[in-house]
Amino acid sequence: MTLMTGGKAGEDWRGAWSAALDELELDVATIEAMLADEHRHAETPPASLWKPPTELGALPLELKPRADEILTRQLKAAQEIARRLTANRQQIAVTARIETGEAVKRPVYVDRAM
Numbered sequence: 787m788t789l790m791t792g793g794k795a796g797e798d799w800r801g802a803w804s805a806a807l808d809e810l811e812l813d814v815a816t817i818e819a820m821l822a823d824e825h826r827h828a829e830t831p832p833a834s835l836w837k838p839p840t841e842l843g844a845l846p847l848e849l850k851p852r853a854d855e856i857l858t859r860q861l862k863a864a865q866e867i868a869r870r871l872t873a874n875r876q877q878i879a880v881t882a883r884i885e886t887g888e889a890v891k892r893p894v895y896v897d898r899a900m
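Using my numbering, the first residue of the sequence shown is number 787, and each one after it goes up by one.
This is the structure in structure tokens:
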């Protein structure tokens, strides 16, 4: 693997990595916007799966803070999605009990002796 750091090749390398980070950041921004506006989710088509660029070599050191910030945002969005999925499951469980009227099955009888 050739490490490109100087001249035109170095600029192309940094530019390719910047473009890859732009694409990844746009995906995260789309997810963050959907999380902020729940109604928009139904109208938004599913995002295409991001694929890491090939043959770019190592990430340029000056782009590492940006890549770290994007990763932090991705992790935060993933945690929020997991939280909402859990809340949805809990809501479904409550709704299922309400619809049947039975949280726990137990015998029911009426004592008419009184």
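All C-beta atoms, glycine included, are put in the ideal place defined by N, C-alpha and C.
A quick note: this is a predicted structure, and the numbers were derived from the prediction, not measured.
Run the CB neighbour count on residue i, radius 10 Å, all protein chains shown included, and call it buried at 16 or more, exposed below.
{"i": "Arg883", "result": "exposed"}
{"i": "Leu810", "result": "buried"}
{"i": "Asp897", "result": "exposed"}
{"i": "Ala899", "result": "exposed"}
Between the Cα of residue i and the Cα atoms of the options, which residue gives the shortest distance?
{"i": "Leu835", "options": "Pro851, Ile817, Arg898 and Leu845", "result": "Ile817"}
{"i": "Lys850", "options": "Ala795, Arg800, Lys794 and Gly796", "result": "Arg800"}
{"i": "Pro846", "options": "Trp803, Val896 and Ala795", "result": "Trp803"}
{"i": "Ala815", "options": "Glu797, Gln876, Leu861 and Leu842", "result": "Leu861"}
{"i": "Asp808", "options": "Gly843, Gln876 and Leu857", "result": "Leu857"}
{"i": "Asp813", "options": "Thr881, Asp823 and Lys837", "result": "Lys837"}
{"i": "Glu797", "options": "Glu848, Asp897 and Thr881", "result": "Glu848"}
Answer yes or no: do residue i and residue j have a C-beta to C-beta separation smaller than 8 Å?
{"i": "Leu821", "j": "Glu855", "result": "no"}
{"i": "Ala806", "j": "Pro839", "result": "yes"}
Does any residue of chain C have a CB that is nearer than 8 Å to the CB of residue i?
{"i": "Asp823", "result": "Absent from the structure: chain C. Only one protein chain is present."}
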